[in-house]
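Each remark here refers to the structure printed beneath this line.
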DNA sequence: AGCGAAATCTTTACAGTGTAAAAATAGCGA
DNA sequence: TCGCTATTTTTACACTGTAAAGATTTCGCT
């Protein structure tokens, strides 16, 4: 049982786990390179060797976020195109973001990430592919990612923008304006359910 | 003609204008207290007296953003409830965010703002009230902000989440995945148009 | 008009950050 | 065992936000 070896052995993974802990505990503003190093019990410059710079560490962490998110999404039900599954997946989407608000926020904070990092690029693409598949299934057709029609793209954008917008506004506390004025005890999931149930045309038509 | 008086005279406004310039030029990461002071030509501690701290300055700037946004929205057409006006206003929404990406991002970066600041609270509330009015008009009814039905809340959330989600994903560069695979020359506005045209039910149904 | 008080701005200082470079340590193949 | 490389620490620097003290101007009151 080593108590403080010079060579950690698995510092890379340890740093990522430490980063996730710091993010959950102190939020995005507290997620600094030095804080992560402290949490992992190493010197503040140790992460540099494994991740290059801060954007590198954050990007690898965001990649893990996308993988977790992807797993939560597939676990919520295969994309069979049924309305019930669609609703369940939408709730799983928001549910993941509520369970990991810092991580979800990080995944879409482009200016702090390096999207060219293979791990992040791959993980994000995988999630996107899954979204495309789910929307395709609901339309009973297969959507090619290479060349899609404007109609298909619009359907994908509608689904994604609705859920992502809801998630962001919810995490940013901007939906409390609405929730507060609803019958007492109405929670976000109820609002989400109502929002997705009825069809919508032009902005508020 | 004074060339460098000790008392600036109108430093508060000058700092806000400097902050807007810095934000447009260097983006959100470059918008620091000291950078704003440099841009305005004063010492780095001068802003403290007028805004208290960084969150104070950013909040006042975000308030200006909401006012500009509000003005752009009303200028795009009165909320008469017609589909054409609704579409025009949606495009004005995204158009404003594209013209002022840093400012729009700041307006929704809750962790860097102090929402209790009167100016910000008022400006944000005014924009929200306008949204409620627009959605109400499209439904040919008046929505009370005090107590709204779940149906009304869902309609508001649908419109807002769709547009805000689209805007955020667009500014974060996440829609390029879709735009790139569309017929050559398809721009964001075309996708927005298509997205808002057709009705949508459950996520991708 | 003049004088004290308040407002405004600068200077100085401190803890924290990311990053780069050099030094120290450990593991590993020959 | 020796040398090489990977890993980690130490040191240093420029930058940040904030607090406190000093300097300067303006304002209010008599």
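Protein chains in written order, with this note's numbering: chain A, 409 to 613; chain B, 409 to 613. Heads up, the beta-carbon is just placed ideally off N, CA and C, and yes, glycines get one too. Quantities reported herein were computed from a predicted structural model and do not represent experimental measurements.
Within 7 Å of the CB of residue 503 (chain A), no CB atom of chain B is found; the nearest one sits about 14 Å away. For residue 586 (chain B), the chain A residues whose C-beta falls within less than 8 Å of its own C-beta are 556, 561, 564 and 565, listed in chain order. The C-beta of residue 421 (chain B) comes no closer than 7 Å to any C-beta of chain A. The continuous alpha helix (DSSP H) containing residue 571 (chain B) extends over residues 558-579. With its beta carbon at least 7 Å from every one in chain A, residue 443 (chain B) lies outside the interface. Residue nearest to residue 563 (chain B) within the set B:584, B:541 and B:529 is B:541 (criterion: CA-CA distance).
With fewer than 16 other CB atoms across the displayed protein chains lying within 10 angstroms of its CB, residue 452 (chain B) is exposed. Remark: C-beta atoms of residue 561 (chain A) and residue 590 (chain B) approach each other more closely than 7 Å.
Between residue 496 (chain A) and residue 489 (chain A) a beta carbon distance of about 13 Å is seen, past the 8 Å cut, so the two are scored as non-contacting. Taking 7 Å as the cut-off, the beta carbon of residue 575 (chain B) is found no closer than this to the beta carbon of residue 487 (chain B). In the DSSP annotation of this structure, the continuous segment of the alpha helix (DSSP H) that includes residue 533 (chain A) starts and ends at 526-546. In the three-state DSSP reduction, residue 435 (chain B) falls in the helix class (H, G or I).
Assigned with DSSP and collapsed to three states, residue 586 (chain B) falls in helix. If you draw a straight line from the Cα of residue 535 (chain B) to the Cα of residue 529 (chain B), it is about 10 Å long. Taking 7 Å as the threshold, the shortest C-beta distance from residue 519 (chain A) to chain B falls below it.
For residue 437 (chain B), at least one C-beta of chain A is nearer than 7 Å to its own C-beta. For residue 472 (chain A), the three-state secondary structure derived from DSSP is helix. Residue environment for residue 435 (chain A): exposed (fewer than 16 other C-beta atoms within 10 angstroms of its C-beta). The three-state reading of DSSP puts residue 554 (chain B) in coil, since its state is none of H, G, I, E or B. One alpha carbon belongs to residue 440 (chain A), the other to residue 557 (chain B), and they sit about 43 Å apart. Annotation for residue 444 (chain B): the continuous alpha helix (DSSP H) segment containing it runs 441-448.
In the DSSP assignment, residue 491 (chain A) falls within the alpha helix (DSSP H) that extends over 491-507. Under a 10 Å Cβ-count criterion, residue 592 (chain B) is classified as exposed, with fewer than 16 other Cβ atoms of the shown protein chains found around its own Cβ. Across the set B:552, B:599 and B:526, the C-alpha of B:599 shows the shortest separation from the C-alpha of residue 559 (chain A).
Burial is judged here by how many other beta carbons sit within 10 angstroms of a residue's own beta carbon; residue 418 (chain B) has fewer than 16 and is exposed. Short of 8 Å from the beta carbon of residue 512 (chain A), and not among the five residues preceding or following it, lie these beta carbons of its own chain, in chain order: 473, 477, 504, 505, 575 and 579. At least one beta carbon of chain B lies nearer than 7 Å to the beta carbon of residue 589 (chain A).
In this model, residue 517 (chain A) and residue 523 (chain A) are separated by some 10 Å (Cα to Cα).
For residue 599 (chain B), the chain A residues whose C-beta falls within less than 7 Å of its own C-beta are 561, 562 and 565, listed in chain order.
Contact note: residue 594 (chain A) reaches chain B through 558 and 561, using a C-beta cutoff of 9 Å and chain order. Taking every protein chain shown into account, the CB of residue 467 (chain A) has 16 or more other CB atoms within 10 angstroms, so this residue is buried. Within chain A, the residues 585 have their CB atoms less than 8 Å from the CB of residue 536 (chain B), given in chain order. Residue 467 (chain A) carries a helical assignment under DSSP once its states are collapsed to helix, strand and coil. Judged by DSSP secondary structure, residue 602 (chain B) falls within the alpha helix (DSSP H) whose first and last residues are 596-605. Close partners of residue 580 (chain A) in chain B (Cβ separation under 9 Å): 516, 517, 518 and 519.
With 16 or more other CB atoms across the displayed protein chains lying within 10 angstroms of its CB, residue 525 (chain B) is buried.
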